[in-house]
Every structure is written in C-alpha cells, then in structure tokens.
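Q:
In UniProt numbering, the protein residues as written are 1 to 163.
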C-alpha cells in the first residue's frame with residue numbers, strides 16, 4: 001500500500017520539485033489555492049480512479065479551481081476531462097480540507113458524486129490509466145490519501161480537517 005516503489009522515487013522527487021517551483025509563483029498570482037476532487041461512484045457502487053503520468057499512484061479525479069470559475073464548474077470540467085464522467089445527480093460536498101502538504105494556503109473540496117461514463121477514457125500525456133474499482137479492492141498503489149478519503153465517505157472514520 002505504499003505510494004513509493006523503487007521505480008517511482010525519481011518521479012516523486014520530480015513531482016515535489018515541480019510543486020516547489022509552481023507554488024511560489026502561485027503565491028503572487030493567487031492568495032489561496034483551491035482544488036476539487038470527487039469520489040465518483042457508478043451504478044454498481046464502484047469508485048472511479050485515475051493514474052497520472054507525472055506522479056505515482058491512483059487518485060480520485062479532480063484539479064484546481066481557476067479564476068472566474070466556481071468549484072462546481074471546476075469539478076464538472078475535471079470529471080469530463082479525466083474520465084468522460086457526467087453526474088446523474090448533483091454532486092454533494094462532503095468535506096473541505098486544508099492541504100498543508102502542498103502549501104500553507106491550499107484547500108481541497110471533496111465531493112461525492114453518482115456518475116455515468118459516456119465513453120472509455122483513452123490514455124494520454126496526463127492520464128496513464130483510469131477505471132472503476134470495487135472500494136474494498138482498490139489497486140495496490142492507490143494513494144494513502146485516496147484510501148483515507150474513501151474510508152471517510154464510507155463512514156469508517158470521521159474526516160479530519162487536513163488532507
């Protein structure tokens with residue numbers, strides 16, 4: 001269940017370096033950063049996860065909220081882009097988290113959504129793989145945060161305020 005592996009150490013280092021370069025720039029462009037993620041479930045109760053090309057592990061789909069964009073607009077955009085997903089009902093805000101591991105100003109809104117996939121999501125330069133998984137049998141390299149968020153949504157533990 002570890003997010004690291006012998007082949008992933010260099011990728012994780014590059015990811016951390018990229019974050020260290022991007023966030024100082026964001027400090028001047030934005031007072032605070034806000035992201036959205038969603039636990040997306042299909043009609044069989046399976047959860048949708050993505051594996052990015054630039055960071056190891058499986059994640060809940062999501063991304064940043066841009067200037068002039070609402071959190072819901074950002075969420076719907078990310079679900080379309082990362083999975084060809086569309087909600088079958090309005091996504092529900094589950095919890096707001098402070099993501100102190102990224103920066104001292106980053107927050108993440110986690111939604112729960114019932115979805116349908118309009119077409120399979122082909123791999124590209126951003127998304128290496130994606131798919132629906134039984135929440136009890138997630139891929140081995142699903143991230144610790146992904147596993148924690150799903151446990152919280154399933155009521156197995158209360159959500160903390162920190163991501």
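C-beta: ideal position from N, C-alpha, C; glycine also.
1. Does DSSP classify residue 78 as helix, strand or coil?
2. With burial defined as no fewer than 16 other Cβ atoms inside 10 Å of the residue's Cβ, what is the status of residue 57: buried or exposed?
3. Assuming residue 106 is part of the beta strand (DSSP E), what are its boundary residues?
4. For residue 114 versus residue 41, is the C-beta spacing smaller than 8 angstroms?
5. For residue 106, count neighbouring Cβ atoms within 10 angstroms of its own Cβ and tell me buried if that reaches 16, exposed if not.
6. First and last residue of the beta strand (DSSP E) that includes residue 142?
7. Check whether the Cβ atoms of residue 149 and residue 60 sit closer than 8 angstroms, and answer yes or no.
8. Restricting to Cα atoms, I'd like to know which of 99, 32, 98 is closest to residue 67.
9. Need the endpoints of the beta strand (DSSP E) that residue 125 sits in, please.
A: If we stick to the structure as given:
1. helix
2. buried
3. 106 to 117
4. yes
5. buried
6. Neither: residue 142 is in no beta strand (DSSP E) and is coded neither H nor E.
7. yes
8. 32
9. Careful: residue 125 lies outside any beta strand (DSSP E) and carries neither H nor E.
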